[in-house]
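These notes concern the structure reproduced below.
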Amino acid sequence: MTQTEKNIVVLISGTGSNMLAIADAALKEQWLSRFGARIACVISNRPQAEGLQSAFALGLATEILDHKTFASREDFELALVSLIDQHQPVLVVLAGFMRILTPAFTARYSGRLVNIHPSLLPAFTGLHTHQRAIDAGCKVAGATVHFVTPEVDQGHIVAQVVVPVLPLDTAATLAARVLIQEHLLYPKSVRVLLQNLTKSTRQS
């Protein structure tokens, strides 16, 4: 990687729809020429993840690291770190990566590790966010892009988007509308982070 390149590594476990949204924005908004930024690799912990085929179709480099083949979470993460560090990323983007990360991993990529969560943090950390929002009688829900820390869904908030909760919403219908907004919010947030990195590089 040259001094002007800003590599992004994306971690997925499933369809990778947010990864695709980011990849699409990177192409349409010319991140490579504007920021020297590119998705250097898409890594999945599930060999059958649909997002791998989508990434391959876009010409993105892909890697599979099946967590089930490792004796412990720590062993898996050591191998994952080795893969990630080959690309010297300025950002590691979690896009539906369904693994709990150890404090050692989050510390290694502190300030570079980002995630999107389907709620308006700090409300409804963890799982089943949409049903919990409905059960609580919330009038709005949404999504949050945040930096990842050892405390689950507690990192510094980068950006949020608000989605109304409709009277007849189910968890599924609310999730579908929130996901549409995630696909707009996540690429925008990554672009802002890249812009900030570019400014910092120029100032230094």
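Quick note on the numbering used here: the sequence shown kicks off at 461 and runs consecutively. Using N, Cα and C, we set each Cβ at its ideal position, and we do this for glycine too.
Whole-angstrom distance between residue j and residue i, CA atom to CA atom
| i | j | result |
| --- | --- | --- |
| Met479 | Gly556 | 9 Å |
| Pro624 | Ala603 | 11 Å |
| Ile503 | Val550 | 16 Å |
| His547 | Ala631 | 38 Å |
| Gln591 | Phe565 | 30 Å |
| Asp595 | Gly474 | 27 Å |
| Val552 | Leu525 | 16 Å |
| Val469 | Ile499 | 6 Å |
One or two residues paired with residue i in a DSSP bridge
| i | result |
| --- | --- |
| Glu642 | Partner(s): none; Glu642 has no beta bridge. |
| Val622 | Gly602 |
| Ile482 | Its beta-bridge partners do not exist; DSSP assigns none. |
Simplified DSSP state of residue i, which is helix, strand or coil
| i | result |
| --- | --- |
| Arg665 | In the structure as shown, the chain begins at 461 and stops at 664. Residue 665 is therefore absent and cannot be evaluated. |
| Gln490 | coil |
| Ser504 | strand |
| Val470 | strand |
| Pro627 | coil |
Local Cβ density within 10 Å of residue i, reported as buried at 16 or more and exposed below that
| i | result |
| --- | --- |
| Pro647 | buried |
| Phe516 | exposed |
| Pro507 | exposed |
Contact with chain E by residue i, beta-carbon distance below 8 Å
| i | result |
| --- | --- |
| Ser570 | Going by chain labels, chain E is absent from the structure shown, which holds only one protein chain. |
Which runs of the beta strand (DSSP E) fall wholly inside the stretch 540-613 and span at least 3 residues, in chain order? 551-554, 573-577, 600-607
Alpha helix (DSSP H) runs contained entirely in the stretch 502-538, provided each spans 4 or more residues: 510-517
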